[in-house]
Structures are given as structure tokens and as C-alpha cells.
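A.B. asks:
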Amino acid sequence: MANEKSWQARIAETTDKLAQSFVESISYDRRMYKQDIAGSIAHATMLAKVGLISEGDRDAIIEGLKSIEKDIEAGNFIFDESLEDIHMVVEAELIKRIGEPGRRLHTGRSRNDQVALDLALWLRDADRDVTGVGFLVMQLQRAFVSLAERSIGVVMPSYTHLQRAQPISAAAEALAWCAMFERDGVRFGAICRGDLDGHNSPLGSGAIAGSSLGLVASVTAELLEFGSPPESSILHTASRDQACDFVYACAMTAMHLSRWAEQWIIYSTTEFSFIKIADKYTTGSSMMPQKRNPDTLELIRGRCGNVYGDLFALLTILKGLPIGYNRDLQEDKRIVFRAYDTVSSCLTMAAAIVASASYAKENIEPTLERGFLDATSLAEYFVTKGIPFRTAHQIVGSLVAQCEKQGKTALGQLSLEEFGRAVKAASPDASIGVDLYEALGAKNVVKRYRSAGAAGGQPLQEQLKAWKERLGMQ
Ligand code: ARG
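All residue numbers for the sequence shown refer to this note's numbering, where the first residue is 37 and numbers rise by one.
Dropping the structure here:
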């Protein structure tokens with residue numbers, strides 16, 4: 037026999053079976069049992085404090101809730117679908133276990149403020165937990181920092197427009213990804229803590245209009261570590277802004293993961309062969325015996341699409357909803373959990389891949405002098421000799437053209453006389469010397485970088501040091 041629902045008295049018929057499984061959310065909102073119980077313990081504590089229930093009832097409620105939590109954690113608990121959601125399941129079980137005191141718990145409360153609270157608490161835990169999304173982001177960052185450390189001596193081309201640009205240390209690229217994910221960590225932190233939502237507790241909002249009872253919502257707010265009680269009972273039961281922000285943060289992280297995955301997929305091609313990830317993270321082909329495919333990277337790239345879909349689903353569900361609770365809002369959790377699960381598993385997989393990876397110096401270096409990577413460095417050398425940058429740019433541009441015409445593949449193959457002639461023509465007063473050759477060659481160039489955040493030289497050493505400190509890797 038199904039348990040009786042708390043609202044059954046008003047409804048003439050028992051819920052149709054089809055309707056019951058259609059409206060239920062217990063199959064997924066059971067993930068919030070911890071938060072639901074924590075919220076109820078705070079609520080009962082407040083009710084006793086203001087004299088709405090006795091201290092004895094409060095103690096019975098808290099003890100009952102804790103025993104339910106223990107049973108859920110031990111796997112000794114049946115979630116009854118006929119009770120719809122985690123709120124009704126826990127409350128019904130509490131009444132079953134402790135009788136009348138349990139019937140007082142829902143005083144001044146509605147599932148509408150309860151579910152808003154549970155979700156806010158769940159989102160907070162999603163970042164705060166030791167294996168939460170904040171931790172996973174950090175674990176990935178650490179993997180990039182370790183990769184940077186073992187790649188500091190690898191010089192490689194950087195690309196703009198996917199054309200060879202300037203030489204960089206491979207470590208700088210690894211740290212660029214680390215820095216990109218730092219933004220995600222910060223974003224998750226701010227959103228999950230509720231920084232964007234004023235740290236208001238939804239509890240005490242009731243169904244929509246608050247309560248005529250002497251609830252003191254600042255007490256529950258404090259117990260649950262919110263900054264303040266509800267600002268508007270109507271807003272807090274109707275809003276899912278924090279959920280949207282969270283799924284947006286998931287979408288941003290997924291987008292960053294997708295960009296990184298694509299880059300490494302390109303680097304894994306025979307044409308590039310710049311990066312090697314462990315065999316255990318690749319798969320073969322059922323037909324082509326030689327294949328070694330980066331499927332893990334491809335799935336990380338692809339799953340970003342699921343998370344974008346989640347963001348759009350949530351925004352679309354909220355579109356046009358009148359202000360107040362509407363059952364449509366129940367769909368939020370399905371989406372939030374799905375986005376969280378996708379991003380969490382992608383972050384975990386990404387960290388493992390990065391930890392296994394190395395830049396293939398032996399493939400990168402033989403072609404390093406192709407593409408005139410040192411052209412900008414040469415122009416900057418001319419600047420140090422007093423030549424205006426625009427003029428220097430033109431001189432180097434014509435020198436590159438001259439090399440190509442003469443079948444030379446690198447600027448360093450030109451003689452000092454040839455450099456001298458080109459400079460004299462454009463800037464008669466400037467004088468250059470053999471030190472010019474120190475500004476040429478990818479490896480020399482990387483050592484010369486001096487500007488903040490640059491992709492080699494001292495600035496790179498500083499970045500590496502700062503990341504190790506920031507991520508507790510000393
Ligand atoms: N399961 C519901 C949800 O997730 C809880 C709130 C239901 N409130 C209601 N009045 N039916 O949104």
C-alpha cells in the first residue's frame with residue numbers, strides 16, 4: 037500500500053498511476069536528501085526557539101531526521117514514488133517514525149521554499165565538497181602545471197589563425213589552459229556560494245506570501261550559513277537564477293574543455309604529432325588496424341553540446357513563467373544535476389589525460405624554424421636600435437619576402453650585409469651588429485621575452501612559480 041500523501045484530504049481520488057509517475061521527482065531529487073534534512077533540522081530548531089514547537093518535539097524531530105539520514109546513507113531506505121519528492125518522502129517517514137512531533141515540522145513552511153532552499157544548499161555543496169566541481173577544476177589545473185614543469189624546455193610554435201605565429205615554451209601553453217580553468221573555478225565559487233544572489237536564505241518564504249506565524253527566518257538563515265533571511269517571499273519561491281548561473285558556469289567550463297580537447301586532437305594528428313597522450317586513453321578501429329584515436333578528447337569536445345543544451349533547456353523552461361512557484365520549476369534539478377555530472381566526468385577525464393601527456397619535442401623541433409617564427413623578434417631588435425616599429429615591421433616583411441624568393445627557409449640564413457642593406461634603405465641612421473643573430477632562432481626568441489605574462493623567459497618562470505603556490509604544489 038502506498039503511503040498517504042500530506043495533501044490527500046483535499047483531493048477526492050487517489051492519484052492516477054500514470055499521473056503519479058509523471059509528476060514524481062524522487063527518482064532524481066533524492067540526491068538532495070542531505071540538504072533537505074539539514075534544512076529541516078534548522079527549521080525545527082527555529083520553531084522551538086520561537087516557541088512554535090516544544091523543545092521535546094524539536095529533539096524528537098532532529099533525532100528522527102538523523103536516523104533517516106543514516107538509513108539513506110547505509111542504503112536501507114526505500115524512496116516511495118507515490119510520495120513524489122524528497123520533501124514528502126522524508127516528512128512522511130519522519131511521521132512514521134516519531135508520530136505527532138513529526139506532524140509539526142512543516143509549520144510555516146511549504147515545499148516551495150523548501151525546494152528552493154535544498155537546491156541552494158546543494159549548489160553550495162557542489163562546489164564546497166571535497167570531490168566537488170571546485171576540486172575537480174583544481175585537479176585539472178594541477179595536471180596542467182605539472183605538464184608545464186616537465187615541458188619548460190620544449191620550444192614550439194604558437195598559432196594565430198592556426199598559422200605559425202611566435203615561438204613559445206610549451207609550458208606557457210599548458211599554463212594558459214590552467215589560467216583559463218582558473219576563471220571557471222572562481223565562477224563556480226561565486227555562484228555556488230550565492231554571491232550573485234545576495235546570500236539570502238529562501239527558507240521562511242512559505243508557499244509564496246510568507247507566514248502569519250512568528251517565524252524568525254534570520255535564525256534559520258544563520259544556522260544554514262546564509263547572510264540574511266528572504267528578501268521577498270515571492271521572489272525566492274519563484275526564482276531559479278542561481279540554477280541558471282550554475283548551468284552557465286558548467287557551459288563555460290565545458291566550452292573551455294572543448295577548446296582544449298580540439299587543440300589536442302589537432303596536435304595528435306600525424307600532421308602535427310605535437311602531443312602524446314597515454315595509449316590507455318585512446319581507442320582503436322574495428323577495421324583499420326593502425327588506428328589510435330583520441331576518442332576521450334573527442335567526447336569531451338562533443339559533450340559540451342549536451343551542456344549547452346542543458347543551459348538552453350533551463351532558460352526555456354523559465355521563459356514566460358509567472359512569478360510564484362509553478363511545477364515547471366521541478367525540471368530545474370534534472371538539468372542542474374545532468375550538467376554537473378557531465379562537466380564533472382569531463383573534468384575528471386581531462387585531468388587524467390593531461391597527467392599522462394607529454395609534448396613531443398622530437399617531432400616539434402625539427403620543423404621549428406619553419407614559418408619565420410622569429411620575425412617579430414627581429415622587428416623588436418630593430419626597435420632597440422632606434423628604428424620606429426612600423427619601419428622595422430616593413431624591413432622584416434621585405435626580408436621574409438627576400439628569403440622566400442632566394443629559397444631560404446629562415447631569417448638567420450641571411451648575411452649581416454643583407455640585413456645591413458635592408459636597414460640602410462629604410463632607416464639610414466640606424467646601425468646594427470652581429471648581436472642581431474641573438475634575436476633569431478625560435479629558442480633564442482623564447483628566452484628574450486620580458487613582458488608580463490609572456491610565453492617564455494623570466495615571465496614564464498614567474499607564472500609557473502605563482503601557479504604552484506596558488507595551487508599548493510610546493
Ligand atoms: N518536487 C517539487 C519541485 O521539485 C517540490 C515543490 C512542489 N511544490 C508544489 N506545490 N507542488 O519543484
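Ideal Cβ placement from N, Cα and C applies to all residues, glycine included.
What is the DSSP secondary structure of residue 37, counted as helix, strand or coil?
C.D. replies: Taking the first residue of the sequence shown as 1, we reach residue 37 at position 1. Note that residue 37 scores a pLDDT of 42, beneath 50, so its modelled location is shaky; the value from the coordinates is reported in the next line. If DSSP states are grouped into helix, strand and coil, residue 37 belongs with coil.
A.B. asks: Quick one: is residue 175 buried, meaning 16 or more other Cβ sit within 10 Å of its Cβ, or exposed?
C.D. replies: On the sequence shown, residue 175 is found 139 positions in, with the first residue counted as 1. Buried is the call here.
A.B. asks: Name the DSSP beta bridge partners of residue 205, please?
C.D. replies: Position 169 of the sequence shown holds residue 205. Per DSSP, 191.
A.B. asks: How far does the alpha helix (DSSP H) with residue 427 in it extend, from its first residue to its last?
C.D. replies: Working through the sequence shown from its first residue, we reach residue 427 at position 391. Element bounds for residue 427: 425–442.
A.B. asks: Between which two residues does the alpha helix (DSSP H) containing residue 255 stretch?
C.D. replies: Your numbering for residue 255 matches position 219 in the sequence shown. Its alpha helix (DSSP H) spans residues 253–259.
A.B. asks: Let me know if residue 127 comes out buried or exposed under the rule of 16 or more other beta-carbons within 10 Å of its beta-carbon.
C.D. replies: As a working note, residue 127 is residue 91 in the sequence shown. Answer is buried; the Cβ neighbour count reaches 16.
A.B. asks: Tell me the residue span of the alpha helix (DSSP H) that contains residue 90.
C.D. replies: By 1-based counting over the sequence shown, the position of residue 90 is 54. Taken as a continuous stretch (DSSP letters only), residue 90 belongs to no alpha helix (DSSP H), as it is neither H nor E.
A.B. asks: For residue 432, I'd like the list of residues in its chain whose CB is within less than 7 Å of its CB, leaving aside the five on either flank, ordered along the chain.
C.D. replies: Locating residue 432 in the sequence shown gives position 396, where the first residue counts as 1. Cβ neighbours of residue 432 beyond the five flanking positions: 411, 414, 415.
A.B. asks: If you draw a straight line from the alpha carbon of residue 459 to that of residue 466, how long is it in whole angstroms?
C.D. replies: The count along the sequence shown starts at 1 and reaches residue 459 at position 423. The count along the sequence shown starts at 1 and reaches residue 466 at position 430. Their Cα atoms are separated by approximately 7 Å.
A.B. asks: Any heavy atom of ligand 2 inside 7 Å of the beta-carbon of residue 365?
C.D. replies: Ligand 2 is absent from the structure shown, which contains only ligand 1.
A.B. asks: Whose C-alpha, out of 95, 453, 251, is nearest the C-alpha of residue 470?
C.D. replies: Taking the sequence shown and counting its residues from 1, the one referred to as residue 470 is at position 434. Among 95, 453, 251, the Cα nearest to that of residue 470 belongs to 453.
A.B. asks: State buried or exposed for residue 311, treating a residue as buried only when at least 16 other CB atoms are found within 10 Å of its CB.
C.D. replies: Against the sequence shown, residue 311 aligns to sequence position 275. Burial call: buried.
A.B. asks: Drop a sphere of 10 angstroms on the beta-carbon of residue 256, count the other beta-carbons inside from all chains shown, and report buried for 16 or more, exposed for fewer.
C.D. replies: As a working note, residue 256 is residue 220 in the sequence shown. Residue 256 comes out buried.
A.B. asks: With a threshold of 7 Å (Cβ to nearest heavy atom), would residue 369 be considered close to ligand 1?
C.D. replies: Reading the sequence shown from its first residue, position 333 is the one you call residue 369. Yes, the beta carbon of residue 369 sits closer than 7 Å to at least one heavy atom of ligand 1.
A.B. asks: Are residue 248 and residue 265 close, meaning C-beta to C-beta below 8 Å?
C.D. replies: The residue given as residue 248 occupies position 212 in the sequence shown. The residue given as residue 265 occupies position 229 in the sequence shown. No, Cβ-Cβ distance for residue 248 and residue 265 is not below 8 Å.
A.B. asks: Which residue comes first and which comes last in the alpha helix (DSSP H) that contains residue 291?
C.D. replies: Locating residue 291 in the sequence shown gives position 255, where the first residue counts as 1. From DSSP, the alpha helix (DSSP H) with residue 291 extends over 277–303.
A.B. asks: Kindly examine ligand 1 and report whether one of its heavy atoms sits closer than 7 Å to the Cβ of residue 95.
C.D. replies: Counting from one through the sequence shown, the residue named residue 95 turns up at place 59. For ligand 1, not one heavy atom lies less than 7 Å from the Cβ of residue 95.
A.B. asks: Are the Cβ atoms of residue 194 and residue 391 separated by less than 8 Å?
C.D. replies: Numbered from 1 along the sequence shown, position 158 holds the residue referred to as residue 194. Numbered from 1 along the sequence shown, position 355 holds the residue referred to as residue 391. Cβ atoms of residue 194 and residue 391: not closer than 8 Å.
A.B. asks: Measuring only the C-alpha atoms, how far is residue 423 from residue 215?
C.D. replies: Within the sequence shown, the letter at position 387 stands for residue 423. Within the sequence shown, the letter at position 179 stands for residue 215. Taking the straight line from one Cα to the other gives about 35 Å.
A.B. asks: Quick one: does the C-beta of residue 241 sit closer than 7 Å to a heavy atom of ligand 1?
C.D. replies: One-based indexing of the sequence shown puts residue 241 at position 205. No, since every heavy atom of ligand 1 falls outside the 7 Å radius drawn around the Cβ of residue 241.
A.B. asks: In chain order, what residues of the same chain lie with their CB nearer than 7 Å to the CB of residue 292, ignoring the 5 residues before and after it?
C.D. replies: Counting from 1 along the sequence shown, the entry for residue 292 is found at position 256. So the list reads 216, 217, 220, once near-sequence residues are dropped.
A.B. asks: The alpha helix (DSSP H) with residue 158 in it runs from where to where?
C.D. replies: Start at 1 with the first residue of the sequence shown, and residue 158 comes out as number 122. Run containing residue 158: 147–164, per the alpha helix (DSSP H) assignment.
A.B. asks: Using C-beta distances below 7 Å, list every residue in its chain close to residue 153, excluding the 5 sequence neighbours before and after it, in chain order.
C.D. replies: Translated into positions along the sequence shown, residue 153 becomes position 117. Answer for residue 153: 75, 237, 238, 239, listed in chain order.
A.B. asks: From the DSSP output, in three-state form, read off residue 312 for me.
C.D. replies: On the sequence shown, residue 312 is found 276 positions in, with the first residue counted as 1. In the structure shown, residue 312 sits in a strand (DSSP, three-state: E or B).
A.B. asks: Could you give the distance in angstroms between the alpha-carbon of residue 39 and the alpha-carbon of residue 270?
C.D. replies: Residue 39 sits at position 3 when you count from the first residue of the sequence shown. Residue 270 sits at position 234 when you count from the first residue of the sequence shown. Using only the alpha carbons, I get a separation of about 31 Å.
A.B. asks: Would you mind giving the Cβ-Cβ distance between residue 25 and residue 276, rounded to the nearest angstrom? I have them listed as a contact below 8 Å.
C.D. replies: Look at the range of the chain in this structure, 37 to 510, and you will see that residue 25 is not part of it.
A.B. asks: Can you name, in chain order, every residue of its own chain whose Cβ lies under 7 Å from the Cβ of residue 91, other than the five neighbours on each side?
C.D. replies: Looking up residue 91 in the sequence shown gives position 55. 84, listed in sequence order.
A.B. asks: Taking the alpha-carbon of residue 513 as reference, which of 229, 123, 246, 185 has the nearest alpha-carbon?
C.D. replies: Residue 513 falls outside the range modelled here, since the chain spans only 37 to 510, and no answer is possible.
A.B. asks: Work out the CA separation of residue 181 and residue 97 for me, nearest whole Å.
C.D. replies: Within the sequence shown, residue 97 is the residue found at index 61, counting from 1. Within the sequence shown, residue 181 is the residue found at index 145, counting from 1. Using only the alpha carbons, I get a separation of about 49 Å.
A.B. asks: Please indicate yes or no: does the CB of residue 125 lie closer than 7 Å to some heavy atom of ligand 1?
C.D. replies: Looking up residue 125 in the sequence shown gives position 89. Because no heavy atom of ligand 1 lies under 7 Å away, the Cβ of residue 125 does not count as near it: no.
A.B. asks: In the DSSP assignment, what residue or residues form a beta bridge with residue 329?
C.D. replies: Within the sequence shown, the letter at position 293 stands for residue 329. Bridge partners of residue 329: 319.
A.B. asks: Among 89, 50, 124, 49, which has the Cα closest to the Cα of residue 62?
C.D. replies: On the sequence shown, position 26 is the one that residue 62 refers to. The candidate whose alpha carbon is nearest that of residue 62 is 124.
A.B. asks: Could you check the C-alpha separation between residue 162 and residue 243 for me, to the nearest Å?
C.D. replies: Walking along the sequence shown from the start, residue 162 turns up at place 126. Walking along the sequence shown from the start, residue 243 turns up at place 207. When rounded, the distance between both Cα atoms is 26 Å.
A.B. asks: Is the beta carbon of residue 151 within less than 7 Å of some heavy atom of ligand 1?
C.D. replies: If you number the sequence shown from 1, residue 151 lands on position 115. At least one heavy atom of ligand 1 is nearer than 7 Å to the Cβ of residue 151, so yes.
A.B. asks: Cβ of residue 187 within 8 Å of Cβ of residue 117?
C.D. replies: For the purposes of this step, residue 187 is identified with residue 151 of the sequence shown, where counting begins at 1. For the purposes of this step, residue 117 is identified with residue 81 of the sequence shown, where counting begins at 1. Contact: no.
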